[in-house]
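Add 536 to a position in the sequence shown, counting from 1, and you land on the number used in the working numbering.
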Amino acid sequence: MSRLLVIGCGGVAQVAISKCCQNSKVFTELCIASRTKSKCDALKEKLESKTDTVITTAKVNADSKDELVALIKEYKPDAVLNVALPYQDLTIMDACLECKVDYIDTANYEPEDTDDPEWRKIYEKRCEEKGFTAYFDYSWQWAYQDKFKAAGITGLLGSGFDPGVTSVFTAYALKHYFDEIDTIDILDCNGGDHGYPFATNFNPEINLREVSANGSYWENGHWVETKPMEIKREYNFEGVGMKDMYLLHHEEIESLAKNIPGVKRIRFFMTFGQSYLTHMKCLENVGMLSTSPINFEGREIVPIQFLKALLPDPASLGPRTVGKTNIGCIFTGRKDGKEKKIYIYNVCDHQECYKEVGSQAISYTTGVPAMIGTALVISKKWDRDGVFTVEEFDPDPFMDMLNEFGLPWKVDEDPVLVD
Ligand code: NDP
């Protein structure tokens with residue numbers, strides 16, 4: 537018997553909740569909450585006839601700790617799964633702390649208003665100290681370590697695909713294939729085609745912020761920062777074919793650099809087509825990616841939020857997206873004194889995902905691991921007090937559940953390396 541509160545009802549949440557409903561033995565009751573209760577009600581209606589999980593819904597503004605605390609006290613969940621936006625991470629963690637309830641999310645904290653002078657002071661100091669300029673980093677959430685430990689609760693950070701499964705793959709490689717890992721190349725390939733000239737596969741604001749920022753990678757104990765899209769490689773992906781991919785900053789690099797002993801280099805590459813990059817550059821050049829409010833005909837608007845209103849809703853891409861994703865990690869290192877290299881990866885088909893849960897593969901590959909991480913925490917298979925990323929736990933039960941719940945993985949023991 538368990539009770540889960542899910543915050544958010546967007547593309548990722550819809551898959552995570554559908555998957556919880558396929559796992560009713562673990563998730564006996566769940567409540568879906570966001571600011572728009574009608575969307576939560578529509579999802580409940582879609583799912584409740586097909587599951588034994590008892591679903592309720594609620595309205596909550598997760599920017600307000602008080603509203604969250606009131607809802608948690610009323611619903612009394614065993615855990616809270618945050619699949620709203622990274623902007624809400626800290627308020628939801630604060631509410632979980634106050635109510636002594638476990639916390640799970642899929643993306644690390646970043647502020648909605650990057651012009652906020654108080655946040656900016658801390659951010660600029662961090663840029664100088666750490667050497668990367670991304671708006672998001674783990675310092676805000678790692679700061680809860682002692683408080684979560686004292687409260688006797690678990691905070692599981694970044695239980696999506698990347699971060700999430702990529703970090704579990706790393707823990708698995710270290711447990712079963714390597715004595716020492718030297719390099720990790722995380723490859724995120726989306727070979728899907730939705731037929732629109734331009735759309736993003738998850739929340740446009742979060743996606744475009746990430747992709748238009750400087751890249752960076754970890755090498756020999758420090759960060760190396762690059763200009764956006766400065767480093768380009770080609771790779772031939774099983775199920776997709778040859779694709780251009782570009783080096784990006786990504787959050788799991790930060791936690792893996794901390795948690796994988798002796799690792800010398802960690803890079804992250806994502807595939808993009810030329811049309812996507814040309815559209816994005818144009819939007820950036822005219823100021824449409826800005827997060828700073830402007831005054832338009834007497835009304836304050838944030839350009840990137842206005843753009844989000846114009847772009848297709850990622851949750852609506854499901855029926856029209858065809859093709860596959862191929863996401864995984866190439867590891868090099870040693871086992872028993874011998875040099876070794878492997879690629880652990882998953883190939884996921886957009887249309888198969890749509891047939892199963894009504895969503896495209898990007899939401900699917902994030903929502904499934906969000907359910908798995910939550911299942912492991914709520915059933916106490918992963919049970920540590922404090923705040924942790926997924927590679928800090930035993931990867932085996934997570935890897936088994938990936939096979940069981942729709943994201944089967946493979947190991948290639950002779951992959952082509954990325955130069
Ligand atoms: P969507 O924009 O589709 O959905 C966001 C949801 O959050 C909506 O249901 C919205 O509902 C809710 N929400 C937003 N603000 C609030 C608020 N103040 N209070 C309560 N609910 C709120 O986003 P996605 O589903 O595409 O992404 C969800 C998360 O998944 C993001 O954090 C994203 O970064 C992460 N992600 C992680 C990946 C990974 O592999 N680790 C990959 C892809 C995404 P409403 O408007 O009704 O409040």
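All C-beta atoms in this analysis are idealised placements derived from N, C-alpha and C, irrespective of residue type, glycine included.
Supposed contact pair residue j and residue i - C-beta distance, whole angstroms, cut 8 Å
i: Gly691; j: Gly922; result: 7 Å
i: Thr715; j: Lys871; result: In the sequence as presented, Thr is not what sits at residue 715; that position holds Asp. With 8 Å as the limit, Asp715 and Lys871 qualify as a contact, their Cβ atoms being about 6 Å apart.
i: Val957; j: Asp721; result: There is no way to answer for residue 957, as the model of the chain reaches only from 537 to 955.
i: Thr861; j: Asn726; result: 5 Å
i: Leu621; j: Leu744; result: Not a contact, Cβ separation roughly 13 Å.
i: Ala549; j: Val619; result: 4 Å
i: Thr642; j: Tyr671; result: Contact flag wrong, Cβ pair sits at about 17 Å.
i: Ile543; j: Val616; result: 6 Å
i: Thr807; j: Asp849; result: Not quite, the Cβ-Cβ distance comes to about 22 Å (not below 8 Å), so this is no contact.
i: Ser899; j: Phe738; result: 7 Å
i: Tyr708; j: Pro931; result: 4 Å
i: Gln624; j: Ala598; result: 4 Å
i: Tyr611; j: Cys567; result: 5 Å
i: Phe668; j: Asp724; result: With 8 Å as the limit, Phe668 and Asp724 do not qualify as a contact, their Cβ atoms being about 18 Å apart.
i: Leu783; j: Val747; result: That belief does not hold up - the Cβ atoms of Leu783 and Val747 are roughly 12 Å apart, past 8 Å.
i: Arg539; j: Pro613; result: 5 Å
i: Ala631; j: Val605; result: 5 Å
i: Tyr881; j: Trp945; result: 7 Å
i: Tyr890; j: Pro839; result: Actually they are not in contact, since the Cβ atoms of Tyr890 and Pro839 sit about 31 Å apart, beyond 8 Å.
i: Pro626; j: Ala687; result: Rather than Pro, the amino acid found at residue 626 in this sequence is Leu. No, Leu626 and Ala687 are not in contact; Cβ-Cβ is about 15 Å, not under 8 Å.
i: Phe867; j: Ile717; result: 5 Å
i: Asn750; j: Glu761; result: 5 Å
i: Val704; j: Phe941; result: That belief does not hold up - the Cβ atoms of Val704 and Phe941 are roughly 13 Å apart, past 8 Å.
Outcome for residue i when other beta-carbon atoms lying within 10 angstroms are tallied against a minimum of 16
i: Ala735; result: buried
i: Thr814; result: exposed
i: Asp602; result: exposed
i: Glu787; result: buried
i: Pro951; result: buried
i: Ser895; result: buried
i: Asp936; result: exposed
i: Pro797; result: exposed
i: Gly903; result: buried
i: Ala897; result: buried
i: Leu846; result: exposed
i: His758; result: exposed
i: Ala552; result: buried
i: Ser554; result: buried
i: Pro905; result: buried
i: Pro699; result: buried
i: Cys545; result: buried
i: Gly809; result: exposed
i: Gly869; result: buried
i: Pro647; result: buried
i: Gly547; result: buried
Own chain partners of residue i with C-beta closer than 6 Å, once the 5 adjacent residues on each side are dropped
i: Phe684; result: Gly691, Gly922, Val923
i: Met537; result: Thr564
i: Phe929; result: Trp918
i: Lys580; result: Ile591, Thr593
i: Ile767; result: Leu783
i: Thr587; result: Cys557, Ser560
i: Leu943; result: Asn882, Val904
i: Thr1014; result: Residue 1014 is absent from the model: the chain starts at 537 and stops at 955.
Spatial neighbours of residue i in its chain, beta-carbon cut-off 7 Å, leaving aside the 5 residues before and after
i: Glu774; result: Asn862, Val883
i: Ile802; result: Ile720, Tyr753, Trp754, Ile789, Leu792, Ala793
i: Ser915; result: Val562
i: Pro764; result: Ser748, Ala749, Asn750, Gly751
i: Thr706; result: Ile720, Leu792, Ile796, Cys865, Glu927
Paired residues, beta bridge with residue i - DSSP
i: His758; result: Glu755
i: Met781; result: Arg769, Thr807
i: Asn726; result: Thr861
i: Thr891; result: Residue identity check: residue 891 is Lys in the sequence provided, not Thr. Answer is none; Lys891 lacks a bridge partner.
i: Glu716; result: Arg870
i: Ala594; result: Ala569
i: Asp721; result: Arg803, Ile866
i: Trp945; result: Asn882
i: Val616; result: Leu541, Tyr639
i: Arg835; result: Phe832
i: Phe979; result: The chain is shown only over 537 to 955; residue 979 falls outside these bounds and no answer can be derived.
i: Glu875; result: Arg870
i: Cys700; result: Looking at the sequence shown, residue 700 is not Cys but Gly. In the DSSP output, where bridge partners are listed per residue, Gly700 has Gly696.
Proximity test, residue i beta-carbon vs the ligand SAH heavy atom, cut-off 8 Å
i: Gln896; result: This structure does not include the ligand SAH; its bound ligands are the ligand NDP.
Beta-carbon contacts of residue i that lie in its chain and below 8 Å, excluding the five residues immediately before and after
i: Cys635; result: Val605, Ile608, Lys609
i: Glu836; result: Pro829, Ile830
i: Ser695; result: Ile640, Asp641, Thr642, Pro905, Ala906, Ile908, Gly909, Thr910, Val926
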